[in-house]
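Asker:
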Amino acid sequence: MTEALPLVLNPKRLARDEGVDTWYPYYAGFSSRFASAAIAEAELRPGSLVLDPWAGSGTTLCAAVEEGHRAVGIDLNPFAVVLSAAKLCPAPERLKAVEVARPLARRIATSSAPIDELEQWMPTSAARRVEGIATAIRREFDIPADWTAIPPGAAFLLFALVRAVSDLVPRTRVSNPTWSRPGANINISTRDISRDFVRIAEQYASVNPPRKDLADKSRVVLADARSLPIASRSVHLILGSPPYCTRIDYAVTTRLELAVLGCDAGAFATLRRALMGTTAIRSPRTDEIPEHWPRRLRRVLASVRDHPSHRSKGYYLRNLLQYFNDADESLAEIRRTLTARGQALLVLQSSYYKEHELDLAALFADIAREMGLSAEIMFRMPVRRVMTSLNSKSRRYLDTRSYTESLLRLRRH
Ligand SMILES: C[S@@+](CC[C@H](N)C(=O)[O-])C[C@H]1O[C@@H](n2cnc3c(N)ncnc32)[C@H](O)[C@@H]1O
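Each number in the working numbering corresponds to the 1-based position in the sequence shown with 2 added.
1) Could you tell me whether any non-hydrogen atom of ligand 1 is closer than 7 Å to the CB of Trp149?
2) By the three-class DSSP mapping on this structure, what secondary structure does Asn393 have?
3) I think Lys14 touches Ser33, with their Cβ atoms under 8 Å apart; what is that distance to the nearest whole Å?
4) Give the straight-line distance between the Cα atoms of Ser196 and Leu63, rounded to the nearest whole angstrom.
5) Is there at least one non-hydrogen atom of ligand 3 closer than 7 Å to the beta-carbon of Ile152?
6) Return the first residue and the last residue of the beta strand (DSSP E) that Arg235 is part of.
7) Is Pro154 near Glu95, with beta carbons less than 8 Å apart?
8) Inspect the beta-carbon positions of Leu360 and Tyr354 and report whether they are closer than 8 Å.
9) Would you call Ser243 buried or exposed, if buried means 16 or more other Cβ atoms sit within 10 Å of its Cβ?
10) Using DSSP's beta-bridge definition, name the partner residues of Leu348.
11) Kindly indicate the opening and closing residues of the beta strand (DSSP E) around Arg382.
12) Does the separation of the CB atoms of Thr61 and Gly31 fall below 8 Å?
13) Under DSSP, the beta strand (DSSP E) around Glu359 begins and ends at which residues?
14) So is the beta-carbon of Asn189 under 7 Å away from any non-hydrogen atom of ligand 1?
15) Within its chain, find whatever has a CB closer than 7 Å to the CB of Ala276; leave out the 5 residues flanking it on each side and keep chain order.
16) Look at the Cβ atom of Glu142, then the Cβ atom of Gly264, and state whether they are nearer than 8 Å.
17) Is Pro384 a contact residue of ligand 1, with contact defined as CB to any heavy atom under 7 Å?
18) How many angstroms separate the CA atom of Trp123 from the CA atom of Ala166?
19) Out of Asn210, Thr341, Leu46, Ile202, which one is the CA nearest neighbour of Asp19?
20) Of the choices Ala73, Leu163, Val222, Leu239, whose alpha-carbon is the least far from that of Ile139?
21) Within the present structure, is the beta-carbon of Gly21 separated from the nearest heavy atom of ligand 1 by less than 7 Å?
22) If the criterion is Cβ atoms closer than 8 Å, does the pair Thr281 and Arg301 meet it?
23) Taking the alpha carbon of Ser113 as the point to measure from, which residue in Pro105, Ala129, Val100, Ala107 has its own alpha carbon closest?
24) Determine, using beta carbons only, whether Tyr29 and Thr192 come nearer to each other than 8 Å.
25) Where does Pro245 land, buried or exposed, given buried means 16+ other C-beta within 10 angstroms?
26) How should His238 be labelled, buried or exposed, when 16 other C-beta atoms within 10 angstroms of its C-beta is the threshold for buried?
27) Taking buried to mean at least 16 other C-beta atoms within 10 Å of its own C-beta, is Gln324 buried or exposed?
28) Please report the straight-line C-alpha distance between Ile240 and Asp54, rounded to a whole angstrom.
29) Between the Cα of Thr272 and those of Asp251, Leu340, Glu290, spot the shortest distance and give me the residue it belongs to.
30) Ignore the nearest five residues each way along the sequence and tell me which others in Asp226's own chain have a CB closer than 8 Å to its CB.
Written out as structure tokens, the structure is:
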């Protein structure tokens, strides 16, 4: 059921971002204005706990702190963790980080350091410089090998390095604009990298630092939304947006950024398979539509299974079964971590499989209701430009398709 509510702000990022919102154009990131309005409307007590289980660029986390709350961000992509934690780094830690940036900027990787991923994007000498600085930052701040707890100052410097490198590296856009490949004629010097790393760290140090008292009580963790490292019944508000069924590959989108952070080819492949919404199929594969899933979801999946087109029954059915299994596990975690009076606000965009609409908000609402949560779609907004419309193969269906982005509210009571 659709309910008209005052909160009708477009979740999409604005064309003219300001402050930390300009740091990195994360695909499908919220606008800060939307996140702040959604948090303010929840009328939480000061210092409440706000969670984003798919933190991305950390928009929810920054808005939560800005509104006077504590924030926890979870993301499986190490770059998203670095970016969010950098934005949440308080002013004194940023200034301390800037002080060490200059000496770290001169480091060069040892000859045994793995730089294969970086070498796809830049000359060997530049790759050694990038790896040398990244390793020096990890050592300086004692980042644990599993990346679970990144000190804010380290995240700030790693982000400055990523930003410097991604500005210097030419990228060729391919048919899906969130995918990019190394461009031709790459000519980057070690000096460019060191200079831009220091310049960006100095320049960003004073951009919207968050309140230190609340930032110190906030954290960003490399973890999985399907198994949250968060105590049961401890979260007052969840505001987030999972990957949609639009075949956006967040690992590929951030491949260069991950290479700067030291992610080798094996770790990249593992991350890609693990992310919700991945186009890869994990094992064990299944073709069974679970009987306990809500009727609407089973109907949609059956129409994919029975579609006459090539690979519908095999690949596409399996891929959607995997997606909704991830959604089911994530929603169970949302239910577990919310306080009795807590609520979750999820932004979800519809998509299509051939001519069949996947109304993600309605499907998530059904799954949540089966778990005993109450679910309401607060608003639906038409989306004008979607990824699939840019894919020539799907153009033939365009005339009949319309896409919406919805805000779904889930509550325990
Ligand atoms: C739509 S983006 C979130 C954007 C965010 N709302 C913002 O404002 O930047 C979805 C995020 O979910 C993350 N993700 C995918 N699978 C995940 C999982 N299983 N656990 C946690 N995060 C995951 C992706 O890495 C991506 O950063």
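Positions of the beta carbon are idealized from the N, C-alpha and C atoms, including for glycine.
Answerer: The structure says:
1) Flag unset: Cβ of Trp149 not near ligand 1.
2) Confidence is the limiting factor: at Asn393 the pLDDT is only 46, short of 50, which leaves the residue's position unreliable, though a coordinate-based value still follows. In the three-state reduction of the DSSP assignment, Asn393 falls in the coil class.
3) The pair is a contact, with the Cβ atoms about 6 Å apart (cut-off 8 Å).
4) The straight-line gap from Cα to Cα measures roughly 30 Å.
5) The ligand content of the structure shown is limited to ligand 1, which means ligand 3 is not among them.
6) From DSSP, Arg235 is part of no beta strand (DSSP E); its letter is neither H nor E.
7) Their beta carbons are under 8 Å apart, which means Pro154 touches Glu95 by this criterion.
8) Cβ atoms of Leu360 and Tyr354: closer than 8 Å.
9) With 16 or more neighbouring CB atoms inside 10 Å of its own CB, Ser243 falls in the buried class.
10) Gly242, Leu410, per the DSSP bridge assignment.
11) Residues 376-385.
12) Contact: yes.
13) Element bounds for Glu359: 358-360.
14) Answer for Asn189: no, Cβ out of range of ligand 1.
15) Once the five neighbours on either side are set aside, the close Cβ partners of Ala276 are Leu78.
16) Contact flag unset, no.
17) The answer is no for Pro384.
18) Going from the Cα of Trp123 to the Cα of Ala166 covers about 13 Å.
19) Nearest neighbour of Asp19 by Cα position, chosen from Asn210, Thr341, Leu46, Ile202, turns out to be Asn210.
20) Nearest C-alpha to Ile139: Leu163.
21) At a cut-off of 7 Å, the beta-carbon of Gly21 does not count as near ligand 1: no heavy atom of the ligand is closer than that.
22) No, they are not a contact pair.
23) Check the Cα spacing between Ser113 and each of Pro105, Ala129, Val100, Ala107: the tightest is with Ala129.
24) Not in contact: Tyr29 and Thr192 (Cβ atoms no closer than 8 Å).
25) With 16 or more Cβ atoms within 10 Å of its Cβ, Pro245 is classed as buried.
26) Of the other Cβ atoms in all chains shown, 16 or more fall within 10 Å of the Cβ of His238; this residue is therefore buried.
27) Flag for Gln324 reads buried.
28) Each residue's CA atom was taken as its position, placing Ile240 and Asp54 some 6 Å apart.
29) Closest option to Thr272, judged by alpha-carbon separation, among Asp251, Leu340, Glu290: Asp251.
30) Only Ile76, Leu78, Ala276 meet the Cβ criterion.
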